[in-house]
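Report on one structure; see the data block that follows.
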Amino acid sequence: MAYSEKVLEHFQHPRNVGTLDKSKNNVGTGLVGAPECGDVMKLQIKVQNDTIVDAKFKTFGCGSAIASSSLATEWLKGKTIEEAQKIKNTDIVQELNLPPVKIHCSVLAEDAIKAALADYQKKSDTEPVDTK
Amino acid sequence: MKRVYLDNNATTPCDPRVVEAMLPYFTEKFGNAASRSHPYGWEAEEAVDYAREQIATLIHADPKEIIFTSGATESDNLALKGVFDMYRKKGNHIITATTEHKAVLDTCKHLAEQGAEITYLKVNDKGLIDLAELEAAIKPTTILVSIMWANNETGVIQPVKEIGEICAKKGILFMSDATQAVGKIDVNPREMGIHLMAFTAHKMYGPKGVGALYVSRKNPRVKVTAQMDGGGHERGMRSGTLNVTGIVGFGKAAELARKEMDQDMARISKLRDRLETTLKNKLEEVYINGDPAHRMPHVTNMSFKHVEGEGLMMTFNQRMALSSGSACTSASLEPSYVLVALGLGDDLAHSSLRFSLGRFTTDEDIDIAIQSIEEGVNHMRSLSPIWEMYKEGVDLSQVTWSPH
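Top line first, the protein sequences correspond to chains U and A.
Per my numbering, the very first residue in the first sequence carries number 1; after that it's consecutive.
Per my numbering, the very first residue in the second sequence carries number 133; after that it's consecutive.
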């Protein structure tokens, strides 16, 4: 199976690989997937004044899973929480030209975004947000 | 850029000497081996007879015991379906193993729909069947045991001699898919008590589209019911105009294998061992899948923990060809059933790569492979959240995952 150029480009130059300090109040972390399923995504966002100022990911998975999460971090940066909620897996499928067999990679990326947002919101609901 | 091919269990290139032997049979010697009335037919038949002898010599068999087919999948189908049709009055029970090739497993599934009862033997963590379990599975209705010689994914060699002895003692036919063994190691079906054996040219430097089924002719004389109706070629067991060109190539490949197998394999197994030990020394958390003591000399199946196989292959697949047991390489999203049958755990199965070396693998190829794998694994681990967790000392078995 040949990969789309966009998948290859993200795979060869993944954006925003890394880890944010998950103990910080303004960092939301999403960890989705399972090793036995062959893909695990960790996606983190850093929020200031309701805007995502940084996003990082690490992914265990195939090229499409890595490209989907790399693209997700790229899209998240600069978005408000509300805008970020609107990112759909179908947007990722379209942007990366994912074949049907790889659609689950985009679903996982959407799940990771939702999980990171939920984690951030849980933290900001219970504790004062550290905006520094 | 130099490309490295380490996927010889999928297919091998044709040896140039094989191609040379084949060429005249496309053009000036194009006859149909079944044309009995003119020299075109005679020379084609002569060429087929000669190839049959070359192949029989390689496996220490009588030329009359070689039935030409289109490949190992057809040979497996002919053996299983042909035996079931021929001997079903005696019984309907067939014993096989969970790690067999799909050509055997899917044929057995088909036969189950036709009224066969199939027992699937499990394998241990080294990939070997348990002989006591085999013996215990045999019942009065058992007509056939089908166990492969060497596994395509792991290279694990089953105890065929012992299986043959059990079958002989119980008076049951023994069929073996020897696709990955013939031409690589010495294969002697009669000595092993094998009555039917499938193999193919394109795994031993011959052309694609031609294979064979060995069918024992004496002690016992085995017959299989033809699965295609037609001109009654191949002693009535396989109709269809013979692929003369392919058969000539198959014969030449068999002759070369017989002459060069020992020296080829001595060299290749050293390369395989160097690949394996160097990677184990350079990288952490590397596992060898399958029994190293009972394994084909040219194969290694390794898992690189916390790295997904297809992603890893993408780091080098422009310059190096191999296979992965990762689900992502298949449409099913299931990881390799062979590795799962070894009790590997789905996570290690997803992290596996199969290297299969061959006659044309060089020292330089192995240098490139070592460097590519080392860089690829390190890169993919730098991207892997579970590698990061492992390094932080997180017990991954205690994490609540969200399987999807």
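Every residue gets a Cβ at the ideal spot worked out from N, C-alpha and C, and that includes glycine.
Residue-chain proximity (residue i, chain A), Cβ-Cβ < 8 Å
i      : result
U:E36  : yes
U:K46  : no
U:L31  : yes
U:K88  : no
U:G61  : yes
U:V40  : yes
U:I113 : no
U:K58  : yes
U:I92  : no
U:I103 : no
U:I81  : no
U:I52  : no
Test item: CB-CB of residue i and residue j under 8 Å
i      : j      : result
A:G378 : A:G362 : no
A:V288 : A:R427 : yes
A:L480 : A:S534 : no
A:N164 : A:A176 : yes
A:V356 : A:F200 : no
A:T432 : A:E408 : yes
A:L454 : A:R486 : yes
A:M360 : A:R349 : no
U:G30  : U:I113 : yes
U:K56  : U:Q48  : no
A:T311 : A:A204 : yes
U:L98  : U:S64  : yes
A:E416 : A:S483 : no
A:I500 : A:M452 : yes
Minimum C-alpha distance to residue i - residue among the options
i      : options                           : result
A:W519 : U:G78, U:G18, U:L98 and U:F60     : U:F60
A:R353 : A:D497, A:L528, A:Y219 and A:G315 : A:Y219
A:A386 : A:V314, A:N209 and A:V431         : A:V314
A:H438 : A:E152, A:A153 and A:S529         : A:S529
A:G477 : U:K122, U:E9, U:C37 and U:L71     : U:C37
A:G247 : A:V236, A:T273 and A:V418         : A:T273
A:Y346 : A:N256, A:G441 and A:D208         : A:D208
A:T231 : A:N284, A:S456, A:T143 and A:E524 : A:N284
A:G364 : A:P156, A:A166 and A:D499         : A:A166
A:D139 : A:G475, A:D527 and A:N449         : A:N449
U:V53  : U:E74, U:D39, U:S106 and U:E110   : U:E74
A:A389 : A:T143, A:N141 and A:K335         : A:K335
A:H192 : A:V380, A:M324 and A:G508         : A:M324
A:F382 : A:G490, A:T189 and A:R168         : A:T189
U:I92  : U:K77, U:A67 and U:A116           : U:A67
A:K196 : A:R491, A:A344, A:L243 and A:K384 : A:A344
A:S308 : A:G259, A:A358, A:M133 and A:A229 : A:A229
A:K161 : A:V150, A:N224 and A:V180         : A:V180
A:G296 : A:M512, A:L253 and A:H327         : A:H327
Beta strand (DSSP E) segment containing residue i, residue limits
i      : result
A:R486 : S484 to S488
U:D39  : D39 to Q48
U:K56  : T51 to F60
A:E249 : E249 to L253
A:S308 : L305 to D309
A:N433 : V431 to F436
A:A358 : No beta strand (DSSP E) contains A:A358, which DSSP labels as neither H nor E.
U:G30  : V27 to A34
A:H225 : H225 to A229
A:I199 : I198 to T201
Where the alpha helix (DSSP H) through residue i begins and ends
i      : result
A:Y219 : A204 to Y219
A:V80  : Residue 80 of chain A is absent from the structure shown; chain A starts at 133 and stops at 536.
A:A235 : K234 to E245
A:S278 : Here A:S278 belongs to no alpha helix (DSSP H); instead the beta strand (DSSP E) covers T274 to S278.
A:H426 : Where A:H426 is concerned, there is no enclosing alpha helix (DSSP H), given that its DSSP letter is neither H nor E.
A:S346 : A small fix is needed here, since residue 346 of chain A is Tyr in this sequence, not Ser. Where A:Y346 is concerned, there is no enclosing alpha helix (DSSP H), although the beta strand (DSSP E) it sits in stretches over G343 to V347.
A:A300 : V292 to K302
Interface flag, residue i vs chain U, CB-CB below 8 Å
i      : result
A:P535 : yes
A:S458 : yes
A:I518 : yes
A:P467 : yes
A:G525 : no
A:L474 : no
A:L454 : no
A:G477 : yes
A:L528 : yes
A:H225 : no
A:L515 : yes
A:H170 : no
Residue i beta carbon near the ligand COA (any heavy atom closer than 7 Å)
i      : result
A:H430 : The ligand COA is not among the ligands present in this structure, which contains no ligands whatsoever.
For this session: Please list the residues of the stretch 12–24 of chain U that have a C-beta atom closer than 8 Å to any C-beta atom in chain A, keeping them in chain order.
Result: P14, V17 and T19
Exercise. Taking Cβ-Cβ distances below 8 Å as the criterion, which residues of the stretch 479–491 of chain A are in contact with chain U?
Worked result: D479 and H482
For this session: Select from the stretch 440–452 of chain A all residues with a C-beta closer than 7 Å to any C-beta belonging to chain U, and list them in chain order.
Result: E440, E442, G443 and M446
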